[in-house]
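Residue numbering for the sequence shown is 338 to 677, as defined by this note's numbering.
Idealized CB from N, CA, C, for every residue including glycine.
For clarity, every value in this text was computed on a predicted model and none was experimentally measured.
Take a look at the structure set out below.
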Amino acid sequence: MSKRRFVFSILFLPLFSILLLSGCSFKIPKLAPKVAPISKLPAEALFIDKDAIYNRTIALIESAQTSIYVEQAEFDDPRLIQLLLTKSRSGIDVRILLDQWQKVNHGTLDLLKSQNVSIQFYPAQKGQIDHTKYMIIDQSRAIIYGPPWTASGLLAHDLAVELSGRSAWKTATLFSKDWEFTTTFPLTVAKTSLLPEDNIVLALNANVKQQLTEQILTSTKSIWIENSEITEPDLKQSLIDAAAKGRDVRIIVNQTNANKTSDTLAELKENGVHIRYYPKQPDLGMNLAIFDNSSFILSSSGWTFNSFVTNHEFSITVPSPTASDKLGQVFNQDWERSID
338 MSKRRFVFSI LFLPLFSILL LSGCSFKIPK LAPKVAPISK LPAEALFIDK
388 DAIYNRTIAL IESAQTSIYV EQAEFDDPRL IQLLLTKSRS GIDVRILLDQ
438 WQKVNHGTLD LLKSQNVSIQ FYPAQKGQID HTKYMIIDQS RAIIYGPPWT
488 ASGLLAHDLA VELSGRSAWK TATLFSKDWE FTTTFPLTVA KTSLLPEDNI
538 VLALNANVKQ QLTEQILTST KSIWIENSEI TEPDLKQSLI DAAAKGRDVR
588 IIVNQTNANK TSDTLAELKE NGVHIRYYPK QPDLGMNLAI FDNSSFILSS
638 SGWTFNSFVT NHEFSITVPS PTASDKLGQV FNQDWERSID
């Protein structure tokens, strides 16, 4: 033992003994639990079904001062095409990415390209679908869509969410990456943003599944889902495990797709998950999950193997009790009108 350590021991041990004999105790400070971030996204940022979604889309396009970025799975709506063309002619920087495998997109691309609008097909491989659906205005506001911009898509029971905080800027940076991947030319998007932090998580591809898994695992009361299709094995098992722990796991599925997923739905039912089928008219379009009525995830398509492994997908995770409570009310209304 070194001389310095020996001297320290001689001085410290008697002092320590005196403190113990005098009744003094040492309190080890407790580390405060990590507080989960909360988003202040208001209920007014939610747009449900065609009229609300469509009217807000038009208002946002008309309000654009510098740029409009669009990424869509399907797009052939005549009025939206004309609005974007008008904005492009007025000097607004309009950029559009579409999935190349959807037939409806070919006419839209040919028309807008002939009018010198910057529009491209996302370079998906064969068998890969670009399900991403959003629009960004002036790099400061974004609207994330459940429905595509088609007549049938907009008629479905669906949801769009408007972002006006830092997540809107983050969405612009993601679009810029997709644009550069498509054209090799990056867009000019600021490296930082002065927009307020809104604690909304954006996820792509396999990370969408990761977000869903984390939310399912950490839920303590309820997991309410409206989804066009659920077949992904890991998520199915996570829902079964949550039901076994006593969570209120309820799923509303699209009746149109029920036959394709009958085995999965039967297994979920057998293991305590409550399932109802949304009426066929209109179709259920949204892919939404609400956790403990305090946070939600909106994803770009159903929960399938291809969604998380093959396709180009997008989701937002929003820890907003206010917005989640509003969506919880919508879910309960849909639950009542759905059938066993």
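In the three-state reduction of the DSSP assignment, Q402 falls in the coil class, being assigned neither a helical nor a strand state.
Cβ-Cβ distances below 7 Å link N630 to S559, S661, D662, G665 in the same chain, with the five nearest sequence neighbours on each side left out; the list follows chain order. Look at R426 here: in three-state DSSP terms it is helix.
Within the stretch 475-521, the runs of beta strand (DSSP E) at least 3 residues long that lie entirely inside it are, in chain order, 478-482, 496-500. In the three-state DSSP reduction, R584 falls in the coil class, being neither helix nor strand. When the five nearest sequence neighbours on each side are left out, the beta carbons in the same chain lying within less than 8 Å of the beta carbon of T487 are those of E411, F412, D413, D414, V441, in order along the chain.
Comparing C-alpha distances from M472 to each of S504, H494, T550, N544 shows the shortest one belongs to S504. Around the CB of G639, 16 or more other CB atoms lie within 10 Å, so the residue is classed as buried.
Going by DSSP, N564 is part of the beta strand (DSSP E) stretching over 559-564. Residue state for W438 is assigned as coil, using DSSP reduced to three classes.
The criterion of a C-beta distance shorter than 8 Å is not satisfied by W672 and I627. Within the stretch 583-651, the complete alpha helix (DSSP H) segments at least 4 residues long are 599-607, 642-646, listed from N- to C-terminus. Secondary structure at V526: coil, using DSSP grouped into helix, strand and coil. Per DSSP, reduced to three states, the secondary structure at V454 is coil, with no helix or strand assignment. By the C-beta density criterion, I676 is exposed, having fewer than 16 other C-beta atoms within 10 angstroms. Looking only at I589, K424, S636, I567, the smallest Cα-Cα distance to P616 is reached by I589. When DSSP states are grouped into helix, strand and coil, L531 belongs to the coil group.
Nearest in C-alpha terms to P484, of all of K470, A543, F633, is K470. For V586, same chain residues with a beta-carbon under 6 Å away, outside a window of 5 residues either side, are I560, L576, A579, A580, V610 in chain order.
For D671, the three-state secondary structure derived from DSSP is helix. Contact between the stretch 414-432 and the stretch 532-549 is absent: fewer than three C-beta pairs spanning the two stretches fall below 8 Å.
Judged by beta-carbon spacing, Q457 lies beyond the 8 Å limit of H649, meaning their Cβ atoms are not closer than that value.
Burial state of F642 is exposed, judged by a 10 Å Cβ sphere holding fewer than 16 other Cβ atoms.
In the three-state reduction of the DSSP assignment, A540 falls in the strand class, which pools E and B. Under the three-state reduction of DSSP, E569 is assigned to coil, being neither helix nor strand. Distances from the CA of I398 to each of A389, I385, L511, L420 were compared; the closest alpha carbon is that of L420. The alpha carbon of H468 has as its nearest neighbour, out of Q437, S657, D386, L524, the alpha carbon of Q437.
Using a Cβ distance threshold of 8 Å, V498 and L635 count as a contacting pair. Shortest Cα-Cα distance from R613 to any of I537, Q402, N564 involves N564.
Within the same chain, Cβ atoms closer than 6 Å to the Cβ of F384 are found at I390, R393, A497, the five residues on either side in sequence being excluded. By the Cβ-count criterion, V667 is buried, with 16 or more other Cβ atoms from all chains shown falling within 10 Å of its own Cβ.
Distance from the CA atom of I553 to the CA atom of L422, rounded to whole angstroms, is 43 Å. With contacts defined by Cβ atoms closer than 8 Å, H494 and L621 form a contacting pair.
Per DSSP, the unbroken beta strand (DSSP E) holding L383 starts and ends at 383-385. Taking C-beta atoms as the reference points, T568 and T601 count as a pair closer than 8 Å.
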